[in-house]
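Novice: Just so we're aligned, residue 596 is where the sequence shown starts under the working numbering, counting upward by one.
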Amino acid sequence: MDNLIGASSDLAGAAAADLVKDSSQQTFKADVIDVSMQVPVIVDFWAPWCGPCKQLGPVLEKVVKEARGAVRMVKINVDENQQLAGQLRIQSIPAVFAFFQGRPVDAFQGAQPEGQLKAFVGRLAKLAGGEAGPSPIEEALEHAEEAHAAGDHATATEVFGQILEHEPENLKAISGMVRCLIALGELEQAAEFLGHTPKDKLGDPAIAAAKAQLDVAQAGQKAAGQSDALRARVDANPKDHEARIELAQALFATGDKEGAVDQLLESIRINRAHNEEAARKQLVTFFEALGPMDPLTLSARRRLSSLLFS
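#1: How far does the alpha helix (DSSP H) with Ala693 in it reach, from first residue to last?
#2: Any idea what DSSP makes of Val636, helix, strand or coil?
#3: Using CA atoms only, rank isn't needed, just tell me which of Gln678, Glu733, Val638 and Gly756 is closest to Val700.
#4: Please state the DSSP three-state secondary structure of Asn672.
#5: Leaving aside the five residues before and after Arg826 along the sequence, list all residues of the same chain whose C-beta is less than 8 angstroms from its C-beta, in chain order.
#6: Can you list, in chain order, the residues of its chain with a C-beta nearer than 6 angstroms to that of Leu606? Leave out the 5 residues immediately preceding and following it.
#7: Is the CB-CB distance between Asp674 and Ala642 below 8 angstroms?
#8: Does DSSP put Val630 in a helix, a strand or coil?
#9: Over the uninterrupted alpha helix (DSSP H) stretch that includes Arg875, give me the two end residues.
#10: Using C-beta distances below 6 angstroms, list every residue in its chain close to Ala818, excluding the 5 sequence neighbours before and after it, in chain order.
#11: Excluding five sequence neighbours on each side, which residues of the same chain lie with their C-beta closer than 7 angstroms to the C-beta of Val654?
#12: Could you tell me the distance, in whole angstroms, from the CA atom of Arg828 to the CA atom of Asp835?
#13: Which residues mark the beginning and the end of the beta strand (DSSP E) in which Lys624 is found?
#14: Quick one, are the C-beta atoms of Gly886 and Ala848 less than 8 angstroms apart?
#15: Quick check on DSSP: helix, strand or coil for Lys852?
#16: Please report the distance separating the alpha-carbon of Ala831 from that of Ala855.
#17: Report the partner residues of Trp641 according to the DSSP bridge assignment.
#18: By a C-beta neighbour count over all protein chains shown, 10 Å radius and 16 as the cutoff for buried, is Leu893 buried or exposed?
#19: Does the structure place the region 616-632 close enough to the region 644-662 that three or more beta carbon pairs sit under 8 angstroms?
#20: According to the neighbour-count rule (16 or more other Cβ atoms, all chains shown, within 10 Å of its Cβ), is Leu809 buried or exposed?
#21: So for Lys793, helix, strand or coil by DSSP?
#22: Whole angstroms are fine: how far does the CA of Val811 sit from the CA of Ser822?
#23: Mind checking whether Ala874 and Leu859 have CB atoms under 8 angstroms apart?
#24: Determine the closest residue to Ile863 out of Pro890, Ala895, Asp851 and Asn672, with distance taken between C-alpha atoms.
#25: Return the CA-CA distance between Arg898 and His743, expressed in angstroms with no decimal places.
#26: Below 8 angstroms, can you find three or more Cβ-Cβ pairs linking the region 743-761 to the region 714-724?
Given below as structure tokens:
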């Protein structure tokens, strides 16, 4: 599946050579003003001794190239072009200006995280009446998610793996790989894979959702094959909350998510405070595994609110 990313990357790489270039005061009009009459041009004012410049420059170049021609980027060394820097009243670097139709339309100073740079480029692309196209990695992620949703977990795993070879800390790919391994029943491998996630990224929504799915799958695996016995215990004693929670875990793990939610809501209705609100906490884990916009999450949250505030 390397061709899915590699071929697209080769094509993008050939075109990207024209998207980023060095310029100077002598060529500023041709490289920036004239070109900006057709497409937004981002100008990065930098210097070799500037630490933040070294952080910003490569990331900004990456984002510009991923936009696939929606914007251009020009780099200007202020040490070699002091008069131009003075004309634009640049007092600190890195300083980034965006030009469109011959005039400045946006700017910022200092290093920025990649997400903000993508938003910056996206605004410029829309200003010009276009949209920044998806990068090869983004296209591969979409392909992998489609395969996963269709139940083709083997293909999805392969594509997620190729993405991670290119971007080892791509959180969407990590999450996707964990979810695929869970679907394939490889819970130990999924746990090991998730364990390599940088600690400062564990709060990311995609990673949190994958962890919640793993927690649910692991709990369900322990209760696997006991659904009938657990249901019998609940039927015999509706206040057996431990059995009801285990039954919910088993049902969720085997695909009966609505039945699992029903069991937890019934436990909350009978005694919401049992074992430090264990049923509610388990329900929240289900919500994280399903995702915040899943129809079952939305309906269950409404039912939960009715129980808690009635």
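For each residue, glycine too, the CB sits at the ideal point set by N, CA and C.
Specialist: Judging by the given coordinates:
#1: As a first step, residue 693 is located in the sequence shown; it is residue number 98 there, counting from the start. Element bounds for Ala693: not the alpha helix (DSSP H) but the beta strand (DSSP E), Ala690 to Phe695.
#2: The residue given as residue 636 occupies position 41 in the sequence shown. Residue state, collapsed to three classes: strand.
#3: For the purposes of this step, residue 700 is taken as residue 105 along the sequence shown, with counting starting at 1. Among Gln678, Glu733, Val638 and Gly756, the Cα nearest to that of Val700 is on Val638.
#4: Sequence index remark: in the sequence shown, residue 672 carries index 77 (1-based). Three-state result, Asn672: strand.
#5: Residue mapping note: residue 826 aligns to position 231 of the sequence shown, counting from 1. These residues qualify, in order along the chain: Leu842.
#6: Along the sequence shown, read from residue 1 onward, the residue named residue 606 stands at position 11. For Leu606, the predicted structure reports a pLDDT of 36, less than 50, and the residue's modelled location is therefore unreliable. A value from the coordinates is still provided. None.
#7: Here residue 674 refers to the residue found at position 79 when the sequence shown is read from its first residue. Here residue 642 refers to the residue found at position 47 when the sequence shown is read from its first residue. Going by C-beta atoms, Asp674 is nearer than 8 angstroms to Ala642.
#8: Counting from one through the sequence shown, the residue named residue 630 turns up at place 35. Correct three-state label for Val630: helix.
#9: Counted from its first residue, the sequence shown places residue 875 at position 280. Arg875 -> alpha helix (DSSP H) spans His869 to Leu885.
#10: As a position in the sequence shown, residue 818 is number 223, starting the count at 1. Excluding residues within five positions, the ones whose Cβ falls inside 6 angstroms are Glu841, Gln844 and Ala845.
#11: In the sequence shown, residue 654 corresponds to position 59, counting from 1. Taken in chain order, the residues that qualify are Glu709 and Leu712.
#12: Within the sequence shown, residue 828 is the residue found at index 233, counting from 1. Within the sequence shown, residue 835 is the residue found at index 240, counting from 1. So the two alpha carbons sit approximately 7 angstroms from each other.
#13: Walking along the sequence shown from the start, residue 624 turns up at place 29. Unbroken run through Lys624: none, as it is neither H nor E.
#14: On the sequence shown, residue 886 is found 291 positions in, with the first residue counted as 1. On the sequence shown, residue 848 is found 253 positions in, with the first residue counted as 1. Not closer than 8 angstroms, so no.
#15: Along the sequence shown, read from residue 1 onward, the residue named residue 852 stands at position 257. Note: Lys852 maps to helix in three-state DSSP.
#16: To locate residue 831, count along the sequence shown from 1; it is residue 236. To locate residue 855, count along the sequence shown from 1; it is residue 260. Each residue's alpha carbon lies about 18 angstroms from the other.
#17: As a position in the sequence shown, residue 641 is number 46, starting the count at 1. Paired residues: Asn672.
#18: Sequence index remark: in the sequence shown, residue 893 carries index 298 (1-based). Counting Cβ neighbours within 10 Å, Leu893 comes out exposed, since fewer than 16 surround it.
#19: no
#20: As a first step, residue 809 must be located in the sequence shown, where it is residue number 214. Buried is the call here.
#21: Your numbering for residue 793 matches position 198 in the sequence shown. According to the sequence provided, residue 793 is Pro. The question's Lys does not apply to it. Looking at Pro793 - three-state DSSP - the assignment turns out to be coil, as it is neither helix nor strand.
#22: Counted from its first residue, the sequence shown places residue 822 at position 227. Counted from its first residue, the sequence shown places residue 811 at position 216. Approximately 15 angstroms, taken between the alpha carbons.
#23: Taking the sequence shown and counting its residues from 1, the one referred to as residue 874 is at position 279. Taking the sequence shown and counting its residues from 1, the one referred to as residue 859 is at position 264. Result yes, Cβ atoms of Ala874 and Leu859 sit closer than 8 angstroms.
#24: The sequence position of residue 863 within the sequence shown is 268, counting from 1. That would be Ala895, whose Cα lies nearest to the Cα of Ile863.
#25: Taking the first residue of the sequence shown as 1, we reach residue 898 at position 303. Taking the first residue of the sequence shown as 1, we reach residue 743 at position 148. Going by the C-alpha atoms only, they are around 30 angstroms apart.
#26: no
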